[in-house]
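Since the structure comes first, as structure tokens, the remarks are kept for the end.
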Amino acid sequence: MSGPIASLRRVWTTDPRQDPNPLVYFVLAVTAVAYPIWAQASTDGQGDFLISVLADAGVYVLLALGLNVVVGFAGLLDLGYAAFFAIGAYTYAFLASEHLVVTPLHTAVHLPFWIVLLIGLFVAAGFGVILGAPTLRLRGDYLAIVTLGFGEIVPRIFKNLGEWTSGVNGIAALDKPQLPLWIQGPWSGDPFAVVQDFKIIGSLGFYVIMVLLVGLCIVLVNNLRVSRIGRAWMAVREDEVAAAAMGVNTVRIKLLAFAIGAAFSGFAGSFYGAKLSLVSPENFGFTVSITILVMVVLGGMGNIGGVIVGSLLIYSIIFLFLPALPPLAESWATSLGFGSLVPPDGDWPGIGQEVQRLKFLIFGLILVLTMLLRPQGLIPSRARQQELVAGVHDEPVIEDLEAEPSDR
Amino acid sequence: MLHAMKNARAGLLAGRRGRLMNAGLALLIGFSLIVLATKAVALGPAYFIQIVVYGFADGSIYALIALGYTMVYGIVELINFAHGDVFTLGGFISLSLLPVFGLIEGQSAGPEVILPLLAIFVISMLACGVVNVTIERVAYRPLRHAPRLAPLITAVGMSFVLEGIMFLWRGPFNLHYPSLLPADTIALGPTGATIAFKDLAVIVIALVLMVSLSLFVERTKLGKAMRATAQDRDAAGLMGIDINRTIAATFFIGAVLAGAGGMIYGLYFNNVVFDLGFNAGLVAFTAAVFGGIGNIQGAAIGGLVIGMIQSLSDGYFDSSWTQVIIFAILILVLVFRPTGIMGMRVPEK
Chain E
0 MSGPIASLRR
10 VWTTDPRQDP
20 NPLVYFVLAV
30 TAVAYPIWAQ
40 ASTDGQGDFL
50 ISVLADAGVY
60 VLLALGLNVV
70 VGFAGLLDLG
80 YAAFFAIGAY
90 TYAFLASEHL
100 VVTPLHTAVH
110 LPFWIVLLIG
120 LFVAAGFGVI
130 LGAPTLRLRG
140 DYLAIVTLGF
150 GEIVPRIFKN
160 LGEWTSGVNG
170 IAALDKPQLP
180 LWIQGPWSGD
190 PFAVVQDFKI
200 IGSLGFYVIM
210 VLLVGLCIVL
220 VNNLRVSRIG
230 RAWMAVREDE
240 VAAAAMGVNT
250 VRIKLLAFAI
260 GAAFSGFAGS
270 FYGAKLSLVS
280 PENFGFTVSI
290 TILVMVVLGG
300 MGNIGGVIVG
310 SLLIYSIIFL
320 FLPALPPLAE
330 SWATSLGFGS
340 LVPPDGDWPG
350 IGQEVQRLKF
360 LIFGLILVLT
370 MLLRPQGLIP
380 SRARQQELVA
390 GVHDEPVIED
400 LEAEPSDR
Chain A
0 MLHAMKNARA
10 GLLAGRRGRL
20 MNAGLALLIG
30 FSLIVLATKA
40 VALGPAYFIQ
50 IVVYGFADGS
60 IYALIALGYT
70 MVYGIVELIN
80 FAHGDVFTLG
90 GFISLSLLPV
100 FGLIEGQSAG
110 PEVILPLLAI
120 FVISMLACGV
130 VNVTIERVAY
140 RPLRHAPRLA
150 PLITAVGMSF
160 VLEGIMFLWR
170 GPFNLHYPSL
180 LPADTIALGP
190 TGATIAFKDL
200 AVIVIALVLM
210 VSLSLFVERT
220 KLGKAMRATA
230 QDRDAAGLMG
240 IDINRTIAAT
250 FFIGAVLAGA
260 GGMIYGLYFN
270 NVVFDLGFNA
280 GLVAFTAAVF
290 GGIGNIQGAA
300 IGGLVIGMIQ
310 SLSDGYFDSS
320 WTQVIIFAIL
330 ILVLVFRPTG
340 IMGMRVPEK
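Quick note, the sequences are listed as chains E and A, same order.
For the first sequence, numbering that gives the first Met the number 0 assigns the number 0 to the initial residue and increments by one for each residue that follows.
For the second sequence, numbering that gives the first Met the number 0 assigns the number 0 to the initial residue and increments by one for each residue that follows.
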């Protein structure tokens, strides 16, 4: 059951109503390849912005995939996930920029992007263990509150330790990723040449890295899900006492989920720092944690395809749809003959501004309505759906395990 | 036999561990108190009393919000993220009612102000109650049997909706709230310390509300129904308690207290803003956990303690570290005493 051909056949043979994931992966893969081509073609080569947007969305996909391990697989509620994101981003900022010169250390560190990516991963995982080890014994909801507190503390520490982190201004001018060797050619608009220490600056480069990282993470998470560890997570999620009775070391397995989730977040944070070339404490607040949680729950907790769709959807609502509304409303008002609504007039702030003010309300209503209509998420995990809809376990609900026996 | 021995040993180990953790917590508290004391002595007693009074006033407001969190959590196990915004709504509704009742800035703060203020107080409280019950009906009740996180997300959504409504209503700015409480101060003995009348008013109003809530829950039939539903919803239903009505009543009472808190906040700090409830709610929720979530007296005490910590930290340390300190204490409390400072009473909820 591996290799591209087998995967393709699986897309073909699986009924999407039974298991939409192969179809979702297929559509995502095709879109990932087609998107930059479409973006460049439809804008006459000016599509860098569009590509960059999707690369940013990829950061959120990574975050949602990681949080899905914690919330969806292991059933632990993490309300401070952005803290690990911040830790990853600041790790990159410290280890790959000139910034440390202005701190009491007085020496800059410039480690390569690829190495810092791994360092960010381990640093965040380390913090996950430090936070999780004493607190994972707590009942589920208390864990949520501890993580919430942690999520509030970390950005404030980064903000307050101005001597090390430049406070609210954040750290700017972070290093760009480099490839040791790269071949230029007509595809990048240059003559053939072998370049050493090629710097990835363009948004297409970041996009490609992002797609590769997301692909890698999907494979990783999927393997985890069907492994012994994944089954232990699900057992703990469904019934902790029963899982412990079956010989699962629940504290260790929860700690593992927590650390792996944190690792994903740190990983995404490092990439985010490199892409944006700037980290600031304002970017990692409670809102970010909640946004990621919304992505996971709304997409379909525990289901990787659903989580990816959820994160892309929420990302596009927050960063594309809502900001695009005010100008849209203005142009509609003008073309429908309500042009007088556009400029501000007395108490009326102008239709653009008014729609701008509506965005909280619209986002809130989207969340409430989606959850009311599909409480189990847009693309729920099969096991969950059967539990919810059928209620009785008519058929085995252990996902795919019979298809892929593994005992890693 | 072997099993029993194993159990006994586990209990002993847990006991030792618990004692160790309590000792650790005591050490930590002792250390912070010593640091605090040295600073307090250096700055004089008048300043200290002032800080403590502020702490009580802040803490009473937090306690009012925390009660709603704790009651709702106790009965439906939901972190009602919209609760902080119901608190803000109380401030907004009362602010809009002030001119209706002819109360404006600079009005002589005499007895003729009291009656309309009281009327506004009651109307805003009831309005907040109605809003919260509506939210419960629309966004939480349909999801009572859905996966646990679904109502959490609708709670976040409702929080955005409320903030959005207030944003639309009065815009994104800091709104001035007229100061209508008398500015008199009461001298406290020879220390030179004073208590402002409004500090006292806030503390007294909050205290009255909290005591009446506590009496309500302990003495009335509905209060009994609430406690029963919190303990075991199904069993309570079998005993003939109308679960839906009881839960709605819980949301109503929680919101009434939050609405009162919102108006008190406005009168006390003289400003409100649409996203005020976000941070206040977070801190109040911390207070609820601090006192042992689900525990009403715990929430009140938790609110006062958090208010006091905030005031002491603002007064003697650096206010930019205050929230770090509050949340660090929260984590430590949960690590050392997972059921909160009043945790012993948790089973009652």
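Beta carbons: idealized from backbone N, C-alpha and C, even for Gly.
Bear in mind the structure is a predicted one, so any value in this text is a computation, not a measurement.
C-beta atoms of residue i and residue j nearer than 8 Å
i, j, result
"S123/A", "I103/A", "no"
"G253/A", "L88/A", "no"
"L53/E", "Y271/E", "no"
"L142/E", "L61/E", "no"
"V341/E", "V23/E", "no"
"N297/E", "I152/A", "The sequence as given places Leu at residue 297/E; Asn does not occur at that position. The answer is yes: Cβ separation under 8 Å."
"I60/A", "A205/A", "yes"
"F83/E", "G284/E", "no"
"V145/E", "I308/A", "no"
"V210/E", "A31/E", "yes"
"L172/E", "S276/E", "It is worth fixing the name first, because residue 172/E is Ala in this sequence and not Leu. In contact: A172/E and S276/E (Cβ atoms closer than 8 Å)."
"I303/E", "L64/E", "yes"
"L319/E", "K358/E", "no"
"G58/A", "L303/A", "yes"
"G131/E", "A258/E", "yes"
"I278/E", "L324/E", "At residue 278/E the sequence reads Val, which differs from the Ile that was named. Not in contact: V278/E and L324/E (Cβ atoms no closer than 8 Å)."
"Y80/E", "G150/E", "yes"
"A248/A", "M225/A", "yes"
"A95/E", "L110/E", "yes"
"F196/A", "V71/A", "no"
"G265/A", "D84/A", "no"
"F157/E", "P348/E", "no"
"A286/A", "I152/E", "no"
"V68/E", "V220/E", "yes"
"G301/E", "S380/E", "yes"
"A108/E", "F93/E", "First, the residue type needs correcting, since residue 108/E is Val and not Ala in the sequence shown. For V108/E and F93/E, yes; Cβs fall inside 8 Å."
"Q177/E", "F263/E", "no"
"I261/A", "F86/A", "With the sequence shown as reference, residue 261/A is identified as Gly, and Ile is not the correct amino acid for it. Yes, they are a contact pair."
Strand pairing of residue i, partner residues [DSSP]
i, result
"V194/E", "W181/E"
"L173/E", "S96/E"
"T184/A", "A195/A"
"L175/A", "Strictly speaking, residue 175/A in this sequence is His, with Leu absent from that position. Bridge partners of H175/A: N270/A."
"V108/E", "S96/E"
"W331/E", "Looking at the DSSP assignment, W331/E forms no beta bridge with any residue, so it has no partner."
"D344/E", "W347/E"
Cβ-Cβ separation, residue j to residue i (assumed contact under 8 Å), whole Å
i, j, result
"G299/E", "L223/E", "17 Å between Cβ atoms; not a contact."
"V70/E", "V295/E", "6 Å"
"E329/E", "I316/E", "So it is not a contact: roughly 20 Å between Cβ atoms."
"I199/E", "K175/E", "6 Å"
"S202/E", "D47/E", "5 Å"
"L212/A", "L66/A", "6 Å"
"G363/E", "G239/A", "Not confirmed; about 37 Å, so no contact."
"M245/E", "A256/E", "Going by Cβ atoms, the distance from M245/E to A256/E rounds to 17 Å, so no, they are not a contact pair."
"G260/E", "G119/E", "With a Cβ gap of about 14 Å, G260/E and G119/E do not count as contacting."
*Determine contact between the region 280-287 of chain A and the region 21-29 of chain A, defined as no fewer than three beta-carbon pairs at a distance below 8 Å.*
no
Query - Contiguous alpha helix (DSSP H) assignments of at least 4 residues, all confined to the region 238-314 of chain A - result: 242-268, 275-289
Query - Length at least 3, wholly inside the region 191-236 of chain A: the beta strand (DSSP E) runs in chain order - result: 192-195
(request) Report yes or no: do three or more beta-carbon pairs, one from the region 186-201 of chain A and one from the region 158-172 of chain A, lie closer than 8 Å? (result) no
### Message
Tell me whether the region 361-374 of chain E and the region 325-336 of chain E touch, counting them as touching only if at least three CB pairs, one residue from each stretch, are closer than 8 Å.
### Response
no
Would you check if the region 285-305 of chain A and the region 167-175 of chain A touch, i.e. whether three or more CB-CB distances between them fall below 8 Å?
no
Using 8 Å as the threshold, is the region 91-111 of chain E in touch with the region 149-167 of chain E, meaning 3 or more CB pairs across them?
Contact holds: three or more Cβ-Cβ distances are below 8 Å.
Next on the checklist: List, from N- to C-terminal side, the alpha helix (DSSP H) runs of 4 residues or more that fit wholly inside the region 258-282 of chain E.
Outcome noted: none
Check whether the region 29-48 of chain A touches the region 264-277 of chain A, taking contact to mean three or more Cβ pairs, one atom from each stretch, closer than 8 Å. Contact between the region 29-48 of chain A and the region 264-277 of chain A is absent, because fewer than three Cβ pairs lie under 8 Å.
Report yes or no: do three or more beta-carbon pairs, one from the region 82-97 of chain E and one from the region 234-242 of chain E, lie closer than 8 Å? no
Quiz item: If we count Cβ pairs, one from each stretch, closer than 8 Å, do we get three or more for the region 221-234 of chain A versus the region 65-79 of chain A?
Solution: Flag = yes, the region 221-234 of chain A and the region 65-79 of chain A touch.
**Item:** Uninterrupted alpha helix (DSSP H) stretches inside the region 34-95 of chain E (no shorter than 4 residues)
**Value:** The alpha helix (DSSP H) runs lying completely inside the region 34-95 of chain E and spanning 4 residues or more are 47-66, 80-94, given in chain order.
Item to complete: At 4 residues or longer, and completely inside the region 61-115 of chain A: list those alpha helix (DSSP H) runs for me, N to C.
Response: 82-99
- Item | alpha helix (DSSP H) runs wholly inside the region 351-387 of chain E, at least 4 long, in chain order | 381-384
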